[in-house]
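Going left to right, the sequence shown walks through residues 52 to 684 as this note's numbering numbers them.
So the structure is just underneath, and the comments pick up after that.
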Amino acid sequence: MKRIITLFIFVLLVKNIAFCQNNEIEYYEYEVYTYDSIGTPILIEDPEYKVIATEDESTYGIKNRNGEIVIALGKYQSLSQVDRGMIIAQKDGKAGIIDITERTLVPFIYDNMRSFSCCPDLAPVIKNGKQGFINRKGDIIIPLEYDAGPDLHLAYFYKPGLAILMKNGKYGVIDSCNNAIIPFKYSKIEWFSNQDCFIITNEKKWACFSFEGKPLSDFSDYIIISQSESSALPANNRLNVPIPITTSKHQKEYAYIDKSQHIIVPFGVYDYIEPFGLGRKAIVANKGRYGIIDEHGKLVLPLTYDLIERPSRYSDYANIFVATKGNKITILNEHANAIPTEGIVSYRYGNADLLVSDIHNKKGRVNYNGQLTIPFEYDTLFHFNDTTIIATKGNRYGLISRENQIIKPFEYRKIYQLTSDLVFINREGKAGIYDEEGKIKIPFEYDAIYDTFYNDFDPLKTKYIVIKEGKVGTIDIHNNIVIPIIYDGLSGWVEYGPDAHFVKNKGKYGLISHEGKIIIPIEYDYVDIPLAGVIRVRRNGKYGVISWKNEEILPCIYDNLIDDIPYSDLEEQEGKLAVLQNEIWSYYDLKGNLIRKNISIKEIMENYGNRFAWGEPSNEKDDFDIHQANKNH
């Protein structure tokens, strides 16, 4: 049975995407997780308390399981979850500890503080640029004599009760009694969870030291290859796998060594290696032929494959290897034995699975345990999220689960994805949206529905661009009209600019706010992407410049206009405008003041020659992402 570690240094806070309200104050809730003994996160279904925070995370509070706010928003800049009646809090730029009644348990005197570790039961604190550790009474157990990391980063105690710290710019290791296990004289000390030792670097060379501070190897200038895949092994089967290395001189020379730097696989055997992972095995190759070795360096799968991979999605590694040989794909388990999954000729990564094809180009799904959970019966498969897949049969779309259960029948002309929703096109060619329970959320009365991209991932604020009866506007999640459906085109957003849409009507362009207010009148042949608060426009074939507030900076009288504004300084009033009038180039600043006149064509071509190859600017280009009512959807 897995032992649950309940100390809150192991608590993971995950923001719930749902927004809540209390007395008109909106806030996020944080889910509470703990970890089991092998590091798997487990959601606590009904914790006694949850941390809450405002949308911008500028202030925190706590609510109980009855939904009552017991620590109000507005007082604290951060709060930890309740840990044995103690809450680490940040107030007025200082950290301390309170209880659920807001009684101060440890005064607010520290610049930073983090949760108590399990071994030993100490919390790291920083004050005046120095780090130490306190107990739950607030007593300083480890003196504040160690260097604080950049941005007040804190070092912790980890198993087996040791902490890697810095003093006078050098790294060392102490125990919970502040005894120096490894002296403070090294440029870097690391602990990898797949080795029961420290990796210590000194003057670009490294060696392994035991947790007792004894050297296990000489210092070497070998380069350690990333061991990220090894850390994905179960904790009880992770330790002391061979270390993959390369030389500093020849990047294609590889070997494996143990923590004493004894050679397990010598240089020259393979020209490609990976860290050890699944089943304490490693993928290796030589001259383009792939195989698998065990931790003793023995080949358990010969070098006869075109490619071998262990699929992964972020830190989620598969429990299978995938081996390609000619037009045949073989799925292998952790022992490098084939799993009976016939007929796969190609695959691509999905959401923690493989989407596979057979010889007839029919699609299926293989999970990370090597099971074919969706048979080869679909023409296309596309992940919407971790549980749902958009599929096609013939010329009809449907929705299925990752176990091939039908969620929506195959009766739709198309299903396509927005940021957080799916749009369904029914047999009549009308678009609508279902909610998570399968009920109609947006009725099937639109020709098309698109994202607006400015909702901050808050479902309650979601708005959609819709096309209906040859016109474009926006609606909210309750199908209420926000921007009237009267325009010919509307963009999803305005990059670098105000909270607005590019809008098109009767062949003219402007800017309109998210609420439908005209920001820039719809009277221009062209409206550029705003830069540094200014917008290049064209009217009746002539160029000018206006501000976001529709103030004229340069009138529309110029034959050409180039905005020379650095993208790295979009918020600064820097850069200049190069304008052409009566065959004379001039420079103006961003407020419309003349800088210099009679600029030579040579200088203009040297600075902006590439801009002329772009052709005449147009809002019809993809950069503006304008959804047009008169186009096929």
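Cβ coordinates follow ideal geometry from the N, Cα and C atoms, glycine included.
Everything numeric in this text was worked out from a predicted model, so none of it was measured.
| Check | Outcome |
| --- | --- |
| Proximity winner among D134, Q246, L628, F504, relative to Y594 (alpha-carbon distances) | L628 |
| Chain C within 8 Å of R590, Cβ atoms only | Of the chains in the structure shown, none is chain C; there is only one protein chain. |
| Selection from N530, K514, I518, N388 that minimises the alpha carbon distance to W544 | K514 |
| Rounded straight-line distance, which links the Cα of K142 to that of G223 | 32 Å |
| Assigned secondary structure, E657 (DSSP; H/G/I helix, E/B strand, else coil) | helix |
| Exposure of L645, with buried meaning 16 or more beta-carbon neighbours within 10 Å | exposed |
| H552 burial status per 10 Å Cβ neighbour count (16 or more: buried) | buried |
| DSSP state of D527 mapped onto helix, strand, coil | strand |
| Contact test: A403 Cβ vs the ligand MG heavy atom, cutoff 7 Å | The ligand MG is absent from the structure shown, which contains no ligand whatsoever. |
| Test item: CB-CB of I275 and I294 under 8 Å | yes |
| Complete beta strand (DSSP E) runs within the stretch 284-355 (minimum length 3 residues, chain order) | 294-297, 305-308, 314-316, 333-337, 340-344 |
| Residue from I233, Y197, H204, A214 with nearest C-alpha to V220 | At residue 220 the sequence reads Gly, which differs from the Val that was named. When only C-alpha atoms are compared, the closest one is Y197. |
| K568 in three-state terms, based on DSSP | coil |
| Distance between N531 and V588 (C-alpha atoms, nearest Å) | 33 Å |
| Residue environment, A664, which counts as buried when at least 16 other CB atoms sit within 10 Å | exposed |
| C-beta contact flag for I616 and R662 at 8 Å | no |
| Nearest residue (CA-CA) to L406, options F427, Y501, A387, P391 | F427 |
| Cα-Cα separation, E654 to S637 | 11 Å |
| CB contact flag (D322, K303, <8 Å) | yes |
| C-beta atoms of R453 and T443 nearer than 8 Å | no |
| Residue burial classification, Q456 (beta-carbon count within 10 angstroms, cutoff 16) | exposed |
| Assigned secondary structure, L205 (DSSP; H/G/I helix, E/B strand, else coil) | coil |
| Rounded distance between the beta-carbons of P581 and Y547, thought under 8 Å | 5 Å |
| Beta carbon of L213 nearer than 8 Å to that of I192 | no |
| Of the residues S109, D107, N115, the one placed nearest E82, counting alpha carbons only | N115 |
| K349 to E325 span [Cα, whole Å] | 15 Å |
| L203 vs N163 beta-carbon contact at 8 Å | yes |
| S88 to Y209 span [Cα, whole Å] | Residue confidence for S88 is low, a pLDDT of 49 falling below 50, so the modelled location carries little weight; the figure read from the coordinates is stated next. If I take the Cα positions, the gap works out to 14 Å. |
| Top-ranked residue by Cα proximity to D347, from G401, G377, N291 | Inspection of the sequence shows that residue 347 is occupied by His rather than by Asp. Selected option, being the one with the closest Cα: N291. |
| Assigned secondary structure, R364 (DSSP; H/G/I helix, E/B strand, else coil) | strand |
| I177 versus Y501: straight-line alpha-carbon distance, rounded | 49 Å |
| Beta-bridge pairing of H678 - partner residues as DSSP gives them | L541 |
| One or two residues paired with S452 in a DSSP bridge | T439 |
| Distance CB(S576)-CB(N556) smaller than 8 Å | Inspection of the sequence shows that residue 576 is occupied by Asp rather than by Ser. It is not a contact, given that the beta carbons lie outside the stated cut-off. |
| CB-CB length for D211 against F262, believed under 8 Å | Looking at the sequence provided, one finds Pro at residue 211 rather than Asp. That pair is a contact at about 6 Å. |
| Where R165 sits in the DSSP three-state scheme | coil |
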